[in-house]
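K.L.:
Numbering (UniProt numbering), first residue to last: 1 to 297.
1. Nearest-angstrom Cα distance between residue 353 and residue 49?
2. How is residue 145 classed by DSSP in three states: helix, strand or coil?
3. Excluding the five sequence neighbours on either side, which residues of its own chain have a C-beta within less than 8 Å of the C-beta of residue 61, listed in chain order?
4. When the distance is taken between beta carbons, is residue 99 closer than 8 Å to residue 140?
5. Terminal residues of the continuous beta strand (DSSP E) containing residue 3?
6. Take the Cβ of residue 273 as the centre, count every other Cβ of all protein chains shown within 10 Å, and call the residue buried at 16 or more, exposed below.
7. Pop quiz: residue 240 and residue 135 are said to be a contact at Cβ under 8 Å. What is the actual Cβ separation, rounded to whole angstroms?
8. How far does the alpha helix (DSSP H) with residue 209 in it reach, from first residue to last?
9. Return the first residue and the last residue of the beta strand (DSSP E) that residue 244 is part of.
10. Tell me the DSSP secondary structure of residue 253 in three-state form.
11. Rounded to the nearest angstrom, what separates residue 36 and residue 201 at their Cα positions?
12. Do residue 163 and residue 256 come within 8 Å of each other at the CB atom, strictly closer than that value?
13. Output the distance between the C-alpha atoms of residue 196 and residue 153, rounded to the nearest integer angstrom.
14. Hey, residue 86 and residue 42: beta-carbon distance below 8 Å or not?
15. In chain order, which alpha helix (DSSP H) runs of at least 4 residues are fully inside the segment 73-149?
16. Enumerate in chain order the residues of its own chain whose CB-to-CB distance from residue 276 is below 6 Å, with the five nearest sequence positions on each side excluded.
17. Per the contact definition of three or more C-beta pairs closer than 8 Å, is the segment 283-290 in contact with the segment 186-195?
18. Would you grab the beta carbon distance between residue 248 and residue 216 for me? Rounded to a whole angstrom, and I think it's under 8 Å.
19. Going straight from the alpha carbon of residue 4 to that of residue 89, what length do you get?
20. Leaving aside the five residues before and after residue 45 along the sequence, list all residues of the same chain whose C-beta is less than 6 Å from its C-beta, in chain order.
21. Going by alpha carbons, who is nearest to residue 116 out of 103, 271, 83, 159?
22. How would you write the range of the beta strand (DSSP E) that residue 276 sits in, first residue to last?
23. List the DSSP bridge partners of residue 154.
24. Bridge partners of residue 32, per DSSP?
25. How long is the line joining the alpha carbons of residue 104 and residue 97, rounded to whole angstroms?
26. Which one or two residues does DSSP pair with residue 40 in a beta bridge?
27. Excluding the 5 residues flanking residue 265 on each side, which residues of the same chain have their C-beta closer than 6 Å to its C-beta?
28. How would you write the range of the alpha helix (DSSP H) that residue 201 sits in, first residue to last?
29. Short of 7 Å in beta carbon distance, which residues of its chain neighbour residue 225, apart from the five on each side in sequence? Order them along the chain.
30. Distance check for residue 267 and residue 28, CA to CA, integer angstroms please.
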């Protein structure tokens, strides 16, 4: 049976500015997001209804899952599609601040577009993605993007240079709504750091990129979850360039070469959580993430 195979990549924020709370209750942000090689694998097949399965027992298998919701929205747009069978092979840790669920949803949109020959444009796929969650449009665009507004206004920007990434996911999650609601006026970012970072990406200025990582949500998350600050402190003592991912609890460090990254990963105390090694990806990997398999099963 014809099927689509999709790689859905984890996301880190190299810059994440929480600027102020908007009148609609959301927070205004500006963020530079980067896809990394850590990824889930999704298989999609035509079916008579939406069927979702996974190797993970930690994710919902109904409309609470962004991937399921993505399939519902695509089918509502194209009613000739009766259903789709989705299998998610999870490798990205759950509740990690790495947008795993969001990029799964984007993968379903991308995969269904190819599987059913829908010929949706990128803009049309983003319109679907925006209805699901703030990070889902990034999963359509990748590998490097600027996000503004409440996070759904996403535009491609010059790709980051190749960097190695070591991530540490502790054995607990954090509540993203709680992190945002805990943001106080003095925690909001007051400086415009986006323009300089965009210039560095254009120049492929690795030193500037590594030296100007920012996440204003750290202050809020650290106050609520002191263990995350303990992990970040360990990273600061042992690496030059580290940051919390999204609203946490994952902390990551960036390295210019693989050897440094491996040596640091091997030094992380096991009781802090699970460590991962990855690297930034480029547009070639984004363009090749959906494969159509015509083989008969």
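Glycine included, every Cβ here is placed at the ideal spot set by N, Cα and C.
P.N.:
Well, looking at it:
1. A query on residue 353 cannot be resolved here, the shown segment of the chain reaching from 1 to 297 and no further.
2. In the chain shown, residue 145 corresponds to position 145, counting from 1. Residue state, collapsed to three classes: strand.
3. Locating residue 61 in the chain shown gives position 61, where the first residue counts as 1. So the qualifying residues of the chain are 52, 53, 54, 68.
4. Taking the first residue of the chain shown as position 1, residue 140 is located at position 140. Taking the first residue of the chain shown as position 1, residue 99 is located at position 99. No, these two residues do not count as a Cβ contact at 8 Å.
5. Your numbering for residue 3 matches position 3 in the chain shown. Residue 3 -> beta strand (DSSP E) spans 3-21.
6. In the chain shown, the residue the question calls residue 273 occupies position 273. The residue in question, residue 273, is buried, as its Cβ has 16 or more Cβ neighbours within 10 Å.
7. In the chain shown, residue 240 corresponds to position 240, counting from 1. In the chain shown, residue 135 corresponds to position 135, counting from 1. Going by Cβ atoms, the distance from residue 240 to residue 135 rounds to 27 Å, so no, they are not a contact pair.
8. The residue you call residue 209 lines up with position 209 of the chain shown. 206-211 is the extent of the alpha helix (DSSP H) around residue 209.
9. Here residue 244 refers to the residue found at position 244 of the chain shown. Here the beta strand (DSSP E) through residue 244 covers 242-244.
10. Translated into the one-based positions of the chain shown, residue 253 becomes position 253. Residue 253 falls in the strand class under three-state DSSP.
11. Taking the chain shown and counting its residues from 1, the one referred to as residue 36 is at position 36. Taking the chain shown and counting its residues from 1, the one referred to as residue 201 is at position 201. Rounded to whole angstroms, residue 36 to residue 201 spans 16 Å at the Cα level.
12. As a first step, residue 256 is located in the chain shown; it is residue number 256 there, counting from the start. As a first step, residue 163 is located in the chain shown; it is residue number 163 there, counting from the start. Cβ atoms of residue 256 and residue 163: closer than 8 Å.
13. Along the chain shown, read from residue 1 onward, the residue named residue 196 stands at position 196. Along the chain shown, read from residue 1 onward, the residue named residue 153 stands at position 153. Approximately 20 Å between the Cα atoms of the pair.
14. Taking the first residue of the chain shown as position 1, residue 86 is located at position 86. Taking the first residue of the chain shown as position 1, residue 42 is located at position 42. Against a cut-off of 8 Å, the Cβ pair of residue 42 and residue 86 comes out as a contact.
15. 100-115, 122-130, 136-141
16. For the purposes of this step, residue 276 is taken as the residue at position 276 of the chain shown. Excluding sequence neighbours, residue 276 sits near 38, 167.
17. no
18. Along the chain shown, read from residue 1 onward, the residue named residue 248 stands at position 248. Along the chain shown, read from residue 1 onward, the residue named residue 216 stands at position 216. Contact flag wrong, Cβ pair sits at about 12 Å.
19. One-based indexing of the chain shown puts residue 4 at position 4. One-based indexing of the chain shown puts residue 89 at position 89. Taking the straight line from one Cα to the other gives about 14 Å.
20. Within the chain shown, the letter at position 45 stands for residue 45. The answer, listed in chain order, is 1, 3, 85.
21. Position 116 of the chain shown, counting from 1, holds the residue named residue 116. If we check each option's Cα against that of residue 116, 83 comes out closest.
22. Numbered from 1 along the chain shown, position 276 holds the residue referred to as residue 276. Residue 276 -> beta strand (DSSP E) spans 274-279.
23. Translated into positions along the chain shown, residue 154 becomes position 154. DSSP, once it has assigned bridges, lists 147 as partnering residue 154.
24. Counting from 1 along the chain shown, the entry for residue 32 is found at position 32. According to DSSP, residue 32 bridges with 15, 146.
25. Counted from its first residue, the chain shown places residue 104 at position 104. Counted from its first residue, the chain shown places residue 97 at position 97. Distance between the alpha carbons of residue 104 and residue 97 is about 14 Å.
26. Here residue 40 corresponds to residue number 40 of the chain shown, with the count starting at 1. Residue 40 is bridged to 8.
27. Residue mapping note: residue 265 aligns to position 265 of the chain shown, counting from 1. Closer than 6 Å at Cβ, skipping near neighbours: 166, 275, 277.
28. Taking the first residue of the chain shown as position 1, residue 201 is located at position 201. Element bounds for residue 201: 194-203.
29. In the chain shown, residue 225 corresponds to position 225, counting from 1. Hits under 7 Å: 174, 248, 249.
30. To locate residue 28, count along the chain shown from 1; it is residue 28. To locate residue 267, count along the chain shown from 1; it is residue 267. One C-alpha to the other measures close to 37 Å.
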